[in-house]
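According to our numbering, the sequence shown holds residues 7 to 230 in order. For glycine and all other residues, C-beta sits at the position ideal for the given N, C-alpha and C. Report on the structure given below.
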Amino acid sequence: MVPLTHGHESEINRYYSARAPYLGKALEVPPSGQTLEIIAELKSSARGLAVLEIACGTGYWTRFVAPCAREAMAIDFSEEMLEVARSQQIVNARFLREDAYSLKSLESNQFDFGFAMHWLSHIPLARWDEFFSAFHARLKPGAKVLVADDIRRPDDEDLYFSRVETRDSYELRRLPNGQSYEIVKRYFAPDELHALLAPYATNLHIRFVRPRWWLTYEVVFAEF
Ligand SMILES: C[S@@+](CC[C@H](N)C(=O)[O-])C[C@H]1O[C@@H](n2cnc3c(N)ncnc32)[C@H](O)[C@@H]1O
Numbered sequence: 007m008v009p010l011t012h013g014h015e016s017e018i019n020r021y022y023s024a025r026a027p028y029l030g031k032a033l034e035v036p037p038s039g040q041t042l043e044i045i046a047e048l049k050s051s052a053r054g055l056a057v058l059e060i061a062c063g064t065g066y067w068t069r070f071v072a073p074c075a076r077e078a079m080a081i082d083f084s085e086e087m088l089e090v091a092r093s094q095q096i097v098n099a100r101f102l103r104e105d106a107y108s109l110k111s112l113e114s115n116q117f118d119f120g121f122a123m124h125w126l127s128h129i130p131l132a133r134w135d136e137f138f139s140a141f142h143a144r145l146k147p148g149a150k151v152l153v154a155d156d157i158r159r160p161d162d163e164d165l166y167f168s169r170v171e172t173r174d175s176y177e178l179r180r181l182p183n184g185q186s187y188e189i190v191k192r193y194f195a196p197d198e199l200h201a202l203l204a205p206y207a208t209n210l211h212i213r214f215v216r217p218r219w220w221l222t223y224e225v226v227f228a229e230f
């Protein structure tokens, strides 16, 4: 596979590969509150269908969704993340190392439901079309999509800043081993989400409640 060349995107891959062992620990904590609410919606949307999950990480969400689906394809760029995901031996789940911006090993019009958790915030604005074009091409016309991501906590101490050259926002993330990484991370406002998704989505429904927003829509078919 060709390595990602965009500077801050290879930084994001170094960051998540190094973070995989720490994120694996989260699998031991039983979900509660809003997480359970989102899991219920994911499960009912996926039931009996062919499902595509983008940037699955450790398989945190996959383990709830895949067993309800007819089949679930979960992709991520980090082999370290995929190793944790595969070790769970989740029923119906296939894990594949893929770049979310190309998805080139997946066929078109293959999946009935798509989801991506904590991924949208990492997409540079300049690659937004590239991602949605690749993602939606793998879904059937009118397929349902669910995406979710963080709302920044007021007490969050990670340095958060923008760069004029890219119009992207970044966060400085530190790992317990002392390494730090500057990654693209955008904390969206609801109207911003609406404006960004509108060209690709119909029946867009956004819920914005701490600790994270989540939204559903159906795919609008268009060439970007
Ligand atoms: C915040 S984590 C989310 C993981 C998982 N969805 C969750 O909610 O637990 C972001 C994930 O995006 C993956 N990622 C980063 N760049 C990627 C790319 N170009 N293609 C596919 N996955 C990518 C990282 O390896 C990481 O697992």
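| Check | Outcome |
| --- | --- |
| DSSP bridge partner residues for T172 (one or two, in chain order) | Note: T172 sits in no beta bridge, so no partner. |
| Any beta strand (DSSP E) of 3 or more consecutive residues that is wholly inside the stretch 11-83 | 56-60 and 77-82 |
| Bridge partners - E136, DSSP secondary structure assignment | DSSP, once it has assigned bridges, lists no residue as partnering E136. |
| First through last residue of the beta strand (DSSP E) which encompasses L102 | A99 to R103 |
| Counted within 10 angstroms of its Cβ, other Cβ atoms place H130 as buried (16 or more) or exposed | Residue identity check: residue 130 is Pro in the sequence provided, not His. With 16 or more Cβ atoms within 10 Å of its Cβ, P130 is classed as buried. |
| Own chain partners of A207 with C-beta closer than 8 Å, once the 5 adjacent residues on each side are dropped | V151, Y223, E224, V225 and V226 |
| S50: CB within 6 Å of a non-hydrogen atom of ligand 1 | no |
| Span separating the alpha-carbon of R192 from that of N98 | 32 Å |
| Three-state class that DSSP yields for H142 in the structure shown | helix |
| Nearest-angstrom Cα separation, counted from L210 out to P147 | 15 Å |
| Enclosing beta strand (DSSP E) for S186 [first to last residue] | S186 to V190 |
| Touch test, the stretch 34-53 against the stretch 83-95, Cβ-Cβ under 8 Å, three pairs minimum | no |
| F83 Cβ short of 6 Å to ligand 1 heavy atom set | yes |
| A195, DSSP secondary structure in three states | coil |
| Contact under 7 Å by Cβ, D197 with A149 | no |
| Run of the beta strand (DSSP E) containing A204, from where it starts to where it stops | Unbroken run through A204: none, as it is neither H nor E. |
| Best match in S168, R169 and Y107 for proximity to S139 [C-alpha to C-alpha] | Y107 |
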